[in-house]
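From first to last, the protein sequence lines stand for chains S and Y.
The numbering of the first sequence is the numbering used here, which starts it at 1 and goes up by one.
The numbering of the second sequence is the numbering used here, which starts it at 1001 and goes up by one.
Each residue gets a CB set at the ideal place from its N, CA and C atoms; glycine is no exception.
Only one structure is covered here, and it is reproduced in the block below.
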Amino acid sequence: MSGKRTGRHALAARALIFAALGDETRLLVVTKLCDGAPLSISRLTAGTDLTRQAVTKHLRVLADAGVVRSERSGRESLFALEPRPIEEMRNYLDSVSQQWDGALARLKAHVEKN
Amino acid sequence: MTDRIENSVELKAPVSRVWQALTDHREFGTWFRVRLDGPFEPGRTVRGQITYPGYEHVKWEAMVQKIEPEHLFSFTWHPYAIDPNQDYSSEVPTLVEFTLEKIAAGTLLRVVESGFDKLPDKRRFEAFRMNEGGWGEQMKNIAQHVG
């Protein structure tokens, strides 16, 4: 059966992420980026009373924790949630593996009855 | 970096019984919770409708690869393809292989699913958000709660 793949490094990385997210403004920024589409600083400040400088500062903290990455688009910088491929992949494989565990448990019940 | 998952289970039933439960499409459907449109044959695409409560709207589709009696059954499919508004057909499918081995207690069944490294990042991101432990979703919840 599959085991949990949460190692010490993953926990340390997660602690860093949660520290970066432990701020109301940064949480708001992350929420805006949750749909996956990269956003400019203007888009991120729209509808809030945050200044460009404040958002820029918070984005830097998030980038340092590996939560957010930036990319250039013409004269603008766009910010997006970092896909964090390795940890995601582990989570993803854990989910798929759990699905299989469920299916195999049902198969076991099916072939072992009578 | 792993791109496969391996699960196994010991079944207190003879290999022939397990083989039938795996490869007879009606029997497969009862434990996998899917209603399939026809038998498993190599090269055939088998389609069906999920019967798992809450997921009845989800379509199931797999292309049968190998059927080596009482030893190997394999198919390719799109894992976690549960969004009805999404077209998964352009993605590289993963390979699912069931292998059976006779043991004293009955049958050792292994399932290996491989090829996850070919999945687009977007899919992994979605799946990550679907996962209850996914921090993106958690953060959304918290933001809603505090907002």
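Rounded to whole angstroms, the separation of the alpha carbons of aspartate 35/S and tyrosine 1080/Y is 19 Å.
Taking the Cα positions, asparagine 1007/Y is about 45 Å away from isoleucine 41/S. A residue is called buried when at least 16 other Cβ atoms come within 10 angstroms of its Cβ; arginine 52/S does not meet this threshold and is exposed. Against chain Y, a Cβ distance below 7 Å from glutamate 112/S picks out Leu1011, Lys1012 and Ala1013.
CA-to-CA, the gap between valine 68/S and leucine 107/S works out to about 42 Å. Boundaries for leucine 50/S: no beta strand (DSSP E) harbours it, and the DSSP string shows neither H nor E there. When the beta-carbon positions are compared, phenylalanine 1040/Y and isoleucine 1067/Y come within less than 8 Å of each other. Here DSSP, grouped into helix, strand and coil, assigns serine 77/S to strand. Cα atoms of leucine 104/S and lysine 1102/Y: separation of roughly 17 Å, rounded to the nearest angstrom. Fewer than three beta-carbon pairs drawn from the stretch 1083–1091 of chain Y and the stretch 49–64 of chain S are found closer than 8 Å, and the two stretches are therefore not classed as touching. The C-beta of serine 97/S comes closer than 8 Å to at least one C-beta of chain Y.
Neighbours of leucine 62/S across chain Y, judged by C-beta separation under 9 Å, do not exist; the nearest C-beta is about 11 Å away. Closest in C-alpha terms to valine 55/S, from the list Ile17/S, Gly74/S, Asn91/S and Phe79/S, comes Phe79/S. Listed by position along chain S, the residues whose Cβ is nearer than 8 Å to that of alanine 1021/Y are Leu107, His110 and Val111.
Remark: C-beta atoms of glycine 1043/Y and histidine 1025/Y do not approach each other more closely than 8 Å. With contacts defined by Cβ atoms closer than 8 Å, phenylalanine 1075/Y and valine 1096/Y form a contacting pair. Rounded to whole angstroms, the separation of the alpha carbons of glutamate 1027/Y and valine 1034/Y is 10 Å. Along the stretch 1004–1033 of chain Y, the alpha helix (DSSP H) occurs as fully enclosed runs of 4 or more residues at 1015–1023 and 1025–1032, listed in sequence order.
Counting every other CB atom within 10 Å of its CB across the protein chains shown gives serine 1089/Y a total below 16, marking it as exposed.
Taking the beta carbon of glutamate 1061/Y as reference, no residue of chain S falls within 9 Å; the closest one sits roughly 16 Å away. In the three-state DSSP reduction, glutamine 1086/Y falls in the coil class, being neither helix nor strand.
In terms of beta-carbon proximity, leucine 93/S lines the interface with chain Y, with at least one pair separated by less than 8 Å. Phenylalanine 1116/Y has a beta carbon lying within less than 8 Å of a beta carbon in chain S.
Under DSSP, serine 1114/Y forms a beta bridge with Arg1004/Y and Leu1095/Y.
Per DSSP, leucine 1072/Y is one residue of the beta strand (DSSP E) stretching across 1072–1077. For the pair arginine 1047/Y and phenylalanine 1073/Y, the Cα-to-Cα distance works out to about 17 Å.
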